[in-house]
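Counting in numbering that gives the first Met the number 0, the sequence shown runs from 0 upward without gaps. Backbone N, C-alpha and C define an ideal beta-carbon position, used for all residues, glycine too. One structure is given below, encoded as structure tokens.
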Amino acid sequence: MKNKKKFLRTSISALVVVATVLIAVVATIKYKEDYDEEKRFNDIRENVEKSSEEKILYNLKKKNKDIVGYIEIPNTTISYPVLQTTDEPDFYLNHDINRNYSFYGTPYLSAYCNLEKSDNLIIYGHNINGTKMFGELTKYREENFFKKHRNVYFTTDRKKKYKIFSVISVNKKAFPYWKFVMAQDKLDYDEFINKVKKYSFYDVGITPQYGDKIITLSTCDNERGKDYRFVVFAVSV
Numbered sequence: 000m001k002n003k004k005k006f007l008r009t010s011i012s013a014l015v016v017v018a019t020v021l022i023a024v025v026a027t028i029k030y031k032e033d034y035d036e037e038k039r040f041n042d043i044r045e046n047v048e049k050s051s052e053e054k055i056l057y058n059l060k061k062k063n064k065d066i067v068g069y070i071e072i073p074n075t076t077i078s079y080p081v082l083q084t085t086d087e088p089d090f091y092l093n094h095d096i097n098r099n100y101s102f103y104g105t106p107y108l109s110a111y112c113n114l115e116k117s118d119n120l121i122i123y124g125h126n127i128n129g130t131k132m133f134g135e136l137t138k139y140r141e142e143n144f145f146k147k148h149r150n151v152y153f154t155t156d157r158k159k160k161y162k163i164f165s166v167i168s169v170n171k172k173a174f175p176y177w178k179f180v181m182a183q184d185k186l187d188y189d190e191f192i193n194k195v196k197k198y199s200f201y202d203v204g205i206t207p208q209y210g211d212k213i214i215t216l217s218t219c220d221n222e223r224g225k226d227y228r229f230v231v232f233a234v235s236v
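Below, the structure is given as structure tokens:
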């Protein structure tokens with residue numbers, strides 16, 4: 000009986016040690032992934048800062064032909080290349096800029112969007128702990144944050160400025176905002192804008208007019224559940 004108890008205690012101790020080692024290994028791997036991912040994007044940011052406006056996209060495409068632009072919101076962590084694949088729409092949901100698997104993914108443009116023709120450019124990005132990728136978008140829940148970060152910049156062949164006009168958190172099934180890419184007519188455009196503003200946390204006093212180009216930044220709203228999306232809408236100026 001004593002031998003059985005001793006064996007049981009030894010087995011439990013061994014399991015605890017193994018579990019502790021596994022946790023440490025996983026934590027180390029996760030830390031390295033975080034470090035590598037951040038370094039990769041920091042290197043890209045440095046190159047973007049050194050490039051002239053008209054050379055940004057040209058230089059980025061040397062890394063990956065799928066890169067279609069560069070998105071940034073000054074004084075936030077949002078400063079990333081944007082990719083697009085029409086054959087595999089959500090490929091970059093879980094792949095990095097080098098097309099390797101990545102938990103973080105990379106911000107990407109909807110496969111249904113055309114950079115030149117679409118009325119609405121929809122860009123998706125993960126919400127990683129409310130800080131990485133598009134996580135910081137959720138800070139727009141507070142109007143004070145908006146007041147300090149009103150502008151979005153998207154660089155393709157040139158750097159374009161957009162002003163935020165609506166911030167929403169919505170069930171994607173209740174409001175399929177992601178379906179609006181090209182307005183059928185003025186009525187269709189106005190109806191979409193009115194609905195977007197209706198859901199907004201606050202009124203910023205900007206109403207896009209038919210013909211104005213829109214950019215939509217979308218991420219998960221982890222506070223509200225898996226079907227909820229936190230979305231920031233901005234209009235070209």
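Query: Secondary structure of Val195, DSSP reduced to three states; Result: helix
Query: Stretch pair the segment 63–74 + the segment 85–103: three plus CB contacts closer than 8 Å; Result: yes
Query: Integer Cβ distance of Cys50 from Asn58, believed to fall under 8 Å; Result: First, the residue type needs correcting, since residue 50 is Ser and not Cys in the sequence shown. About 5 Å; that satisfies the 8 Å criterion.
Query: Alpha-carbon spacing of Val236 relative to Lys172, whole angstroms; Result: 30 Å
Query: Coil, strand or helix - Arg39 by DSSP; Result: helix
Query: Sub-7 Å separation of Leu136 and Thr218 beta-carbons; Result: yes
Query: Close Cβ partners of Phe229 (< 6 Å) along its chain, the five nearest in sequence each way excluded; Result: Leu136, Thr137, Ser168, Thr218 and Asp220
Query: Coarse secondary structure for Lys222, derived from DSSP in three states; Result: The sequence as given places Glu at residue 222; Lys does not occur at that position. The answer is coil: DSSP assigns Glu222 none of H, G, I, E or B.
Query: Buried versus exposed call for Gly124 [16 or more other C-beta atoms within 10 Å across all chains shown]; Result: buried
Query: Option in Lys146, Asp156 and Tyr209 with minimal Cα separation from Tyr201; Result: Lys146
Query: Among Tyr79, Asn113 and Met181, nearest to Thr85 - alpha-carbon criterion; Result: Asn113
Query: Of the listed residues Asn119, Pro88, Arg149 and Lys194, nearest to Phe71 (C-alpha basis); Result: The question names Phe, but residue 71 in the sequence shown is Glu. Out of Asn119, Pro88, Arg149 and Lys194, Arg149 has the C-alpha closest to the C-alpha of Glu71.
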